[in-house]
Amino acid sequence: MAARKSAKKPNVSAEELTKYYRDMLLIRRFEEKSGQLYGMGLIGGFCHLYIGQEAVVVGLEAVAEEGDKRITSYRDHGHMLACGMDPDGVMAELTGREGGYSKGKGGSMHMFSKEKHFYGGHGIVGAQVPLGAGLAFSDKYKGNDRVTFTYFGDGAANQGQVYETYNMAQLWDLPVVFVIENNQYAMGTSVQRSTKSPALWKRGEAYGIAGEEVDGMNVLSVKEAGERAVAHCRAGKGPYILEVKTYRYRGHSMSDPAKYRTREEVQKMREERDPIEQVREMLLTGGHASEDDLKAIDKEIKEIVNKSAEFAKESPEPALDELWTDIYA
Amino acid sequence: MTMIEAIREAHDVAMAADDRVVVFGEDVGFFGGVFRCTAGLQAKYGKSRCFDTPINESGIVGTAIGMAAYGLKPVIEIQFADYVYPAYDQIVSEAARLRHRSNADFTCPIVIRMPTGGGIFGGQTHSQSPEALFTHVSGLKVVVPSNPRDAKGLLLASIEDPDPVIFLEPKRLYNGPFDGYHDRPVTSWKKHPKGEVPEGNEIVPLGKASITREGSDVTVLAYGTMVYVAEAAAEATGVDAEVIDLRTLLPLDLDTITASVEKTGRCVIVHEATRTSGFGAELMCLVQESCFYHLEAPMIRVTGWDTPYPHAQEWEYFPGPARVGEALKKVMEG
Ligand SMILES: Cc1ncc(C[n+]2csc(CCOP(=O)(O)OP(=O)(O)O)c2C)c(N)n1
Ligand SMILES: [Mg+2]
Numbered sequence: 132m133a134a135r136k137s138a139k140k141p142n143v144s145a146e147e148l149t150k151y152y153r154d155m156l157l158i159r160r161f162e163e164k165s166g167q168l169y170g171m172g173l174i175g176g177f178c179h180l181y182i183g184q185e186a187v188v189v190g191l192e193a194v195a196e197e198g199d200k201r202i203t204s205y206r207d208h209g210h211m212l213a214c215g216m217d218p219d220g221v222m223a224e225l226t227g228r229e230g231g232y233s234k235g236k237g238g239s240m241h242m243f244s245k246e247k248h249f250y251g252g253h254g255i256v257g258a259q260v261p262l263g264a265g266l267a268f269s270d271k272y273k274g275n276d277r278v279t280f281t282y283f284g285d286g287a288a289n290q291g292q293v294y295e296t297y298n299m300a301q302l303w304d305l306p307v308v309f310v311i312e313n314n315q316y317a318m319g320t321s322v323q324r325s326t327k328s329p330a331l332w333k334r335g336e337a338y339g340i341a342g343e344e345v346d347g348m349n350v351l352s353v354k355e356a357g358e359r360a361v362a363h364c365r366a367g368k369g370p371y372i373l374e375v376k377t378y379r380y381r382g383h384s385m386s387d388p389a390k391y392r393t394r395e396e397v398q399k400m401r402e403e404r405d406p407i408e409q410v411r412e413m414l415l416t417g418g419h420a421s422e423d424d425l426k427a428i429d430k431e432i433k434e435i436v437n438k439s440a441e442f443a444k445e446s447p448e449p450a451l452d453e454l455w456t457d458i459y460a
Numbered sequence: 003m004t005m006i007e008a009i010r011e012a013h014d015v016a017m018a019a020d021d022r023v024v025v026f027g028e029d030v031g032f033f034g035g036v037f038r039c040t041a042g043l044q045a046k047y048g049k050s051r052c053f054d055t056p057i058n059e060s061g062i063v064g065t066a067i068g069m070a071a072y073g074l075k076p077v078i079e080i081q082f083a084d085y086v087y088p089a090y091d092q093i094v095s096e097a098a099r100l101r102h103r104s105n106a107d108f109t110c111p112i113v114i115r116m117p118t119g120g121g122i123f124g125g126q127t128h129s130q131s132p133e134a135l136f137t138h139v140s141g142l143k144v145v146v147p148s149n150p151r152d153a154k155g156l157l158l159a160s161i162e163d164p165d166p167v168i169f170l171e172p173k174r175l176y177n178g179p180f181d182g183y184h185d186r187p188v189t190s191w192k193k194h195p196k197g198e199v200p201e202g203n204e205i206v207p208l209g210k211a212s213i214t215r216e217g218s219d220v221t222v223l224a225y226g227t228m229v230y231v232a233e234a235a236a237e238a239t240g241v242d243a244e245v246i247d248l249r250t251l252l253p254l255d256l257d258t259i260t261a262s263v264e265k266t267g268r269c270v271i272v273h274e275a276t277r278t279s280g281f282g283a284e285l286m287c288l289v290q291e292s293c294f295y296h297l298e299a300p301m302i303r304v305t306g307w308d309t310p311y312p313h314a315q316e317w318e319y320f321p322g323p324a325r326v327g328e329a330l331k332k333v334m335e336g
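This is how it looks when you write it as structure tokens:
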């Protein structure tokens with residue numbers, strides 16, 4: 132089905148909206164700080180920011196339950212924060228320090244948390260998709276009704292292994308939600324320049340997989356669609372595809388001359404569709420929060436993020452022999 | 003010119019000379035490649051000869067093989083060597099063997115270019131040196147340039163070659179040069195003698211090594227980025243090393259290697275890739291087979307560690323001048 136328009140007056144509590152606001156803002160401020168630390172040379176190499184896409188993970192985490200799993204690509208900071216991983220540990224991994232989730236061995240693209248059922252952070256485009264189906268297989272095998280959120284990009288959607296996975300997932304009724312984060316670009320290649328069937332969710336139809344397109348700039352729409360997807364999976368009906376239409380404001384990674392789109396395009400998206408602004412608006416006009424309430428949240432978030440940056444700067448470099456750990460059991 | 007410019011120019015020369023040459027890969031056409039190696043080619047030769055593909059390495063290599071089997075000469079880019087694994091089946095099972103199993107009815111003149119090696123903080127999925135995965139496969143040729151002049155000449159030779167060539171470009175050298183040390187300033191390629199690249203279609207033949215530093219004490223076998231490390235280690239230790247830049251790993255210039263080792267009686271082998279089953283093992287075996295009675299000391303390998311390429315400890319992993327220098331001193335004692 133095509134994207135459903137979310138109801139004008141959403142039936143959502145102040146508490147819930149405030150949580151979305153806070154969670155999305157944490158991601159945004161965290162990413163802004165990552166960008167700064169990168170600029171200062173404290174973070175090196177590859178670093179892909181999630182700014183603009185916050186509503187996707189926050190909306191889906193709203194329907195996740197304890198034991199549900201998530202796995203994604205290298206653009207992973209938002210997913211980790213949204214599932215409750217510690218900002219200090221994430222930031223320290225970005226700076227390659229001992230206090231990072233992978234003790235500096237993984238970097239921005241490769242982090243994991245057993246506690247939060249976060250199965251990474253994967254640098255190879257598309258590689259995480261079959262893994263997601265395997266996680267779901269394990270849940271089904273063990274008789275759990277848990278689901279796995281398997282995130283990948285519009286660019287990754289062209290990798291062959293995605294379709295091998297679709298076929299197996301449907302064949303075996305695996306409880307996996309395939310979340311295509313369609314931010315319209317794969318590095319410098321727009322969706323229009325990489326496929327003649329741009330309705331990516333519809334590709335699942337060929338395998339018999341249900342799915343839909345979702346407004347990924349609106350956290351409530353994402354959450355609603357997530358509820359349908361998760362209900363489908365938990366009921367044992369097999370996989371479900373959510374093609375979430377979103378947008379990344381920043382470059383693909385930290386070095387991106389951005390010749391493939393206009394400034395106006397980005398500006399328009401920011402001004403008219405920004406996911407955080409939308410919730411802010413709902414909070415204020417709905418009388419759920421005052422400017423002062425929101426300011427207090429901003430302040431609280433700023434402190435969390437600053438603390439994570441301090442931690443990431445102060446955590447020591449890993450010891451040299453750390454490199455030799457965890458290669459074999 | 004830089005190595006990037008030299009690679010771009012080789013494409014340009016080949017495309018101008020032969021309209022069977024087509025160039026494609028991820029972000030290769032419109033954008034000109036993430037490292038800019040194909041910049042301007044789409045504007046000059048049109049979208050039918052230089053174009054973008056979706057992100058599907060297996061599809062990129064597989065279609066190139068089909069094109070080559072029926073008269074085209076694809077020069078394709080895998081954006082980082084680390085992304086080649088989805089295409090490995092096509093390279094090994096199809097490209098490398100098409101000639102043999104079709105009794106040469108069909109051949110596969112393709113060039114698969116890919117940036118390799120570390121030195122840009124890429125971590126485990128953006129720093130690998132997978133040359134040994136290709137040298138292990140009969141039917142492939144494997145080339146590793148170390149400077150702009152060779153990059154252009156070797157790429158032209160690879161495009162001319164009637165068989166599949168894996169062309170590994172050390173990304174640390176792209177905008178280089180590199181003098182073996184990661185933390186000291188260097189002069190640009192523009193002022194470097196090997197940044198002077200001849201115009202036109204001047205090839206550097208495959209299968210010919212180059213002696214970049216003459217010496218009498220020990221032969222150092224190196225390629226790509228490690229050529230500079232070997233030279234730096236020789237300067238730093240005062241050991242009079244003869245540094246051989248292999249340039250082509252398959253076919254290998256064993257004559258040049260043998261002549262040198264027979265002269266020096268000692269051999270140190272260096273590469274950035276992991277040690278176990280690395281190309282250094284093959285080199286060591288070949289040298290012992292051909293020069294055993296000339297050797298005065300056990301040979302030594304200096305390589306990357308047998309670990310994933312690290313994110314945080316990049317330069318501890320990288321076999322720099324200090325480690326190579328120790329090997330030079332040790333082999334002289336032996
Ligand atoms: C197998 C493989 N091929 C290519 C790359 C290089 N690469 C990294 S991200 C990317 C674009 C992916 O776009 P998309 O899936 O839309 O995700 P987004 O970056 O937009 O989140 C490419 C081509 C890679 N990491 N792995
Ligand atoms: Mg994308």
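First to last, the protein sequences are chains A and B.
Per my numbering, the very first residue in the first sequence carries number 132; after that it's consecutive.
Per my numbering, the very first residue in the second sequence carries number 3; after that it's consecutive.
Virtual Cβ for every residue (Gly too), placed ideally from N, Cα, C.
Keep in mind the model is a prediction, meaning the values are calculated, not measured.
Residue i: contacting residues in chain B (beta-carbon distance under 7 Å)
i                      : result
residue 317 of chain A : 57
residue 311 of chain A : Neighbours of residue 311 of chain A on chain B: none; closest Cβ ~13 Å, over 7 Å.
residue 227 of chain A : 313 and 314
residue 202 of chain A : Result: empty, since nearest Cβ-Cβ is about 15 Å, beyond 7 Å.
Residue i: contacting residues in chain B (beta-carbon distance under 9 Å)
i                      : result
residue 454 of chain A : 307, 309, 310, 312, 314, 315, 318 and 319
residue 235 of chain A : 312, 313, 314 and 315
residue 458 of chain A : 308, 309 and 310
Any non-hydrogen atom of ligand 1 closer than 7 Å to residue i Cβ
i                      : result
residue 204 of chain A : yes
residue 171 of chain B : no
residue 378 of chain A : no
residue 88 of chain B  : yes
residue 81 of chain B  : yes
residue 85 of chain B  : yes
residue 179 of chain A : yes
residue 396 of chain A : no
Within chain A, the residues that residue i reaches when beta carbons sit closer than 7 Å
i                      : result
residue 127 of chain B : 240, 254 and 255
beta-carbon residue i near ligand 2 non-hydrogen atom, thresh 7 Å
i                      : result
residue 18 of chain B  : no
residue 387 of chain A : no
residue 317 of chain A : yes
residue 54 of chain B  : no
residue 289 of chain A : no
residue 165 of chain B : no
residue 285 of chain A : yes
residue 203 of chain B : no
residue 58 of chain B  : no
residue 298 of chain A : no
residue 314 of chain A : yes
For residue i, the residue or residues it bridges with in DSSP
i                      : result
residue 3 of chain B   : Bridge partners of residue 3 of chain B: none, in fact.
residue 342 of chain A : A:372
residue 172 of chain B : B:118
residue 244 of chain A : A:249
residue 303 of chain B : B:271
Listed by chain order, chain A residues near residue i by CB distance under 9 Å
i                     : result
residue 32 of chain B : 319, 320, 324, 390 and 391
Chain-ordered neighbours of residue i on chain A, where CB pairs are closer than 8 Å
i                      : result
residue 122 of chain B : 176
residue 178 of chain B : Result: empty, since nearest Cβ-Cβ is about 17 Å, beyond 8 Å.
residue 54 of chain B  : 320, 324 and 325
Contacts of residue i in chain B (Cβ-Cβ under 8 Å)
i                      : result
residue 451 of chain A : 315 and 318
Any beta strand (DSSP E) of 3 or more consecutive residues that is wholly inside the segment 250-288 of chain A: 279-284
Ranges of the alpha helix (DSSP H) found wholly within the segment 138-203 of chain A, counting only runs of at least 4: 145-170 and 185-192
Contact list for the segment 269-295 of chain A against chain B, Cβ threshold 8 Å: 286, 287, 289, 290, 291 and 292
Near-chain A residues of the segment 13-31 of chain B (beta-carbon distance less than 8 Å), N- to C-terminal order: 28 and 29
Complete alpha helix (DSSP H) runs within the segment 369-452 of chain A (minimum length 4 residues, chain order): 394-404, 406-416 and 422-445
Continuous alpha helix (DSSP H) assignments of at least 4 residues falling wholly in the segment 23-108 of chain B: Counting only runs of 4 or more residues that sit fully inside the segment 23-108 of chain B, the alpha helix (DSSP H) segments are 43-47, 59-71 and 100-103, in chain order.
Contained beta strand (DSSP E) runs [length at least 3] in the segment 253-300 of chain B, N- to C-terminal order: 269-276
Short-range partners of chain B found in the segment 436-450 of chain A, where Cβ spacing is below 9 Å: If the cut-off is 9 Å between Cβ atoms, the segment 436-450 of chain A has 448 and 449 near chain B.
Interface residues of the segment 83-95 of chain B facing chain A [CB-CB below 8 Å]: Answer set for the segment 83-95 of chain B: 84, 85, 87 and 88.
Interface residues of the segment 183-198 of chain B facing chain A [CB-CB below 9 Å]: none
Proximal residues, the segment 60-79 of chain B versus chain A, C-beta separation under 7 Å: 60 and 61
The segment 250-282 of chain B: positions lying closer than 7 Å to chain A by Cβ: none
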